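Enquirer:
2 protein chains.
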Amino acid sequence: MQPMAAGALCWVDGTRGATLSPFDRGVAFGDGLFETMRFAGTRIPLLDLHLARLARGGARLGIPIDETTLRAEIDAALQDVVAMLPQGVLKLILTRGAGGRGYRAAPDMVPTRVLLASPLPENPPSWTSEGVVVRFCEMRLGANPLLAGIKHLNRLEQVMARREWDDPDIAEGLLADARGRVVEGIATNIFVVSGGRLMTPPIESCGVAGVMREYLVSRGAPALGIPLAEAACERAVLGGAQELFLCNSVIGVWPVRRLAARDLPVGPVTRRIQAHVAALFAA
Amino acid sequence: MQPMAAGALCWVDGTRGATLSPFDRGVAFGDGLFETMRFAGTRIPLLDLHLARLARGGARLGIPIDETTLRAEIDAALQDVVAMLPQGVLKLILTRGAGGRGYRAAPDMVPTRVLLASPLPENPPSWTSEGVVVRFCEMRLGANPLLAGIKHLNRLEQVMARREWDDPDIAEGLLADARGRVVEGIATNIFVVSGGRLMTPPIESCGVAGVMREYLVSRGAPALGIPLAEAACERAVLGGAQELFLCNSVIGVWPVRRLAARDLPVGPVTRRIQAHVAALFAA
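The listed protein sequences derive, respectively, from chains Y and U.
Residue numbering for the first sequence follows the working numbering, starting at 1 and increasing by one per position.
Residue numbering for the second sequence follows the working numbering, starting at 1 and increasing by one per position.
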């Protein structure tokens with residue numbers, strides 16, 4: 001058993017401090033799903049959206065999701081950590097289970113449930129207040145419509161893309177598909193403001209349909225009366241953008257103040273979205 | 001900790017029966033590599049090729065490989081199991097290590113070494129003697145030249161492809177790239193015999209460069225004086241084949257006796273290759 005990350009707590013199948021079987025298909029094949037959720041006190045503001053995406057992923061991969069048990073274990077974990085961590089990140093990993101050999105899974109496998117609690121990432125506050133510097137990644141996302149959209153455990157593309165730079169002033173890298181269309185950030189989704197409208201790339205043959213993206217599309221932008229559409233984002237579209245921002249359910253919204261060599265203003269649409277999202281996570 | 005597979009033994013970082021940290025990047029992201037090796041007694045006939053591929057994968061992903069330690073732990077594991085299992089499969093999993101959060105890895109991570117020993121898979125002996133029935137999979141392999149060839153832990157494509165059928169008489173499925181060219185089997189590589197020559201698809205933008213494939217290309221076919229070339233395999237090429245066979249380092253060689261609706265003869269080139277490979281694993 002490896003040392004545990006400092007300040008972090010874990011549960012496996014509801015047992016605190018438990019460990020994983022080396023025969024788990026999560027480690028063998030990345031055969032599973034995850035959700036990275038921000039909590040405030042014992043509350044996860046976007047829990048319903050996280051569990052809905054997990055359910056979509058489970059249906060896609062053929063992994064049964066026991067939502068009642070997951071909700072109970074999430075509640076218990078938050079009760080357990082709240083005194084130590086009044087806010088932080090709860091990561092849920094759900095694998096197809098342990099056992100067997102070979103790609104074929106037994107039909108009666110019992111999924112493994114892992115919860116990991118950790119503090120909020122220590123990003124510079126200016127990334128939220130003044131915006132971030134973003135680069136284009138060289139690595140292209142492979143296309144697989146069967147796996148696109150869901151948050152599965154095959155994340156080597158993201159790991160490798162994140163290895164492209166070391167400069168701590170660059171907060172995020174943008175990933176394009178094989179045709180060069182920007183799809184997402186490594187750990188974020190991207191939104192473009194152009195002509196007072198919001199656009200975000202469709203997640204069809206690659207990419208993750210982030211929960212914060214989903215929230216903004218289905219609830220946030222409509223609540224603010226901002227028109228929003230999915231549209232393919234060639235680099236030229238980004239070049240003509242009035243504003244750009246990145247989002248996920250841990251960081252909320254980061255305005256983009258520089259993309260590659262181009263400076264961007266942090267504009268009013270981004271600020272309205274950002275304030276709306278910040279209110280979600282207010283204590 | 002999950003129940004262990006029946007008849008299986010495991011080691012983590014050299015300790016028998018140890019378990020995995022839930023913070024391991026192997027389970028978080030599939031951030032690692034594996035080798036599935038057949039042993040006969042305390043010998044792994046293709047060990048050098050397995051370790052060479054692992055080293056190529058480590059160089060690609062930026063995971064340091066300590067070959068001396070790996071060889072020592074493999075030797076110790078085989079000494080440990082030989083009384084229980086005179087032959088079987090030793091699977092090595094090497095992850096980037098445990099700890100941290102997010103796609104970026106700390107530069108000083110210590111890789112996790114997992115060894116899993118299990119009996120040889122219980123396939124019908126006729127699959128070797130008379131050949132196998134094979135289908136075309138509907139799922140297409142996504143392209144990513146950075147990840148192609150190496151045996152990394154992101155294997156959801158293979159898991160999902162194997163879910164396409166349940167018929168126990170179908171031994172394997174063939175995977176094509178986005179352009180429809182056949183690249184490999186789910187757990188095997190494919191060779192085509194045409195005009196007395198051997199051909200196998202190149203592994204460039206997707207697929208695994210199997211150790212048995214490597215053995216046949218670099219040593220086996222030259223030793224037998226059979227000309228061999230890498231060539232793209234449209235379905236039409238397979239349709240015109242005189243013989244087809246599948247291989248990997250666990251099963252050796254399976255002649256293909258039926259591909260989709262077409263019956264194929266099990267021919268002399270396949271039989272020569274098969275006998276040559278069987279000799280590798282003879283006690």
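C-beta: ideal position from N, C-alpha, C; glycine also.
Quantities reported herein were computed from a predicted structural model and do not represent experimental measurements.
Quick one, are the C-beta atoms of GLY332 of chain U and ILE93 of chain U less than 8 Å apart?
Expert: The structure shown does not extend to residue 332 of chain U, since chain U spans only 1 to 283, so no value can be given for it.
Enquirer: At a CB-CB cut-off below 8 Å, which residues of chain Y make contact with ALA178 of chain U?
Expert: Those within 8 Å of ALA178 of chain U in chain Y are ALA143.
Enquirer: Under 6 Å Cβ to Cβ from GLY30 of chain Y, same chain only, skipping five residues before and after it: list those, please.
Expert: Answer for GLY30 of chain Y: LEU153 and ASN154, listed in chain order.
Enquirer: Would ALA143 of chain U be called buried (16 or more neighbouring beta carbons within 10 Å of its own) or exposed?
Expert: That one is buried.
Enquirer: Given that ILE157 of chain U touches chain Y, what residues does it touch there, using C-beta distances under 7 Å?
Expert: The question names Ile, but residue 157 of chain U is Glu in the sequence shown. ASN144, listed in chain order.
Enquirer: Considering only residues of the same chain and omitting the five flanking positions on each side of GLU234 of chain Y, which have a CB-CB separation below 8 Å?
Expert: These residues qualify, in order along the chain: GLY180, ARG181 and VAL182.
Enquirer: How is the alpha helix (DSSP H) around LEU78 of chain U delimited, first residue to last?
Expert: Residues 67-81.
Enquirer: Could you check which residue in U:GLU138, U:ALA148 and U:ARG135 has the C-alpha nearest to that of ARG140 of chain Y?
Expert: Of the candidates U:GLU138, U:ALA148 and U:ARG135, the one whose C-alpha sits nearest the C-alpha of ARG140 of chain Y is U:ALA148.
Enquirer: Tell me, please, whether the CB atom of HIS50 of chain U is closer than 8 Å to any CB atom in chain Y?
Expert: Cβ-Cβ to chain Y under 8 Å: no for HIS50 of chain U.
Enquirer: By the criterion of Cβ-Cβ separation under 9 Å, what are the contact partners of ALA229 of chain U in chain Y?
Expert: By Cβ distance, chain Y contributes nothing, its closest Cβ being about 27 Å from ALA229 of chain U, past 9 Å.
Enquirer: With H, G and I counted as helix, E and B as strand and the rest as coil, what does DSSP make of SER249 of chain Y?
Expert: Residue state, collapsed to three classes: coil.
Enquirer: Inspect the CB distances between the stretch 52-60 of chain Y and the stretch 12-30 of chain Y and report whether three or more fall short of 8 Å.
Expert: Segments in contact, no.
Enquirer: List the residues of chain U that ILE186 of chain Y touches, going by C-beta distances under 8 Å, in chain order.
Expert: Per Cβ cutoff of 8 Å: TYR103.
Enquirer: When you compare the CB of ASP31 of chain Y with every CB in chain U, is at least one pair closer than 8 Å?
Expert: Yes, its Cβ sits closer than 8 Å to a Cβ of chain U.
Enquirer: Counting only Cβ pairs nearer than 7 Å, list the residues of chain Y close to MET139 of chain U.
Expert: Residues of chain Y passing the Cβ test: LEU146.
Enquirer: Just mark ALA161 of chain U as buried or exposed, buried being the case when its beta carbon has 16 or more other beta carbons within 10 Å.
Expert: Buried, by the Cβ-count rule.
Enquirer: Output the distance between the C-alpha atoms of GLU230 of chain U and LEU174 of chain Y, rounded to the nearest integer angstrom.
Expert: Roughly 35 Å separates the two Cα atoms.
Enquirer: Give the range of the alpha helix (DSSP H) segment to which GLN87 of chain U is assigned.
Expert: Here GLN87 of chain U belongs to no alpha helix (DSSP H); instead the beta strand (DSSP E) covers 87-95.
Enquirer: Going by Cα to Cα distance, which pick from U:GLU184, U:TRP165 and U:LEU115 is closest to CYS206 of chain U?
Expert: Residue U:GLU184 is the option with its Cα nearest to CYS206 of chain U.
Enquirer: Suppose contacts are defined by Cβ-Cβ distances below 8 Å. Is LEU47 of chain U in contact with PHE23 of chain Y by that definition?
Expert: It is not a contact, given that the beta carbons lie outside the stated cut-off.
Enquirer: Counting only Cβ-Cβ distances shorter than 9 Å, please list the residues of the stretch 70-102 of chain Y near chain U, keeping chain order.
Expert: The residues in question are VAL89, LYS91, ILE93, THR95, ARG96, GLY97, ALA98, GLY99, GLY100, ARG101 and GLY102.
Enquirer: Residues of chain Y with a CB under 7 Å from the CB of LEU246 of chain U: which are they?
Expert: Residues of chain Y passing the Cβ test: none, with the nearest at roughly 14 Å.
Enquirer: Are three or more beta carbon pairs between the stretch 267-283 of chain Y and the stretch 213-220 of chain Y nearer than 8 Å?
Expert: The stretch 267-283 of chain Y vs the stretch 213-220 of chain Y: in contact.
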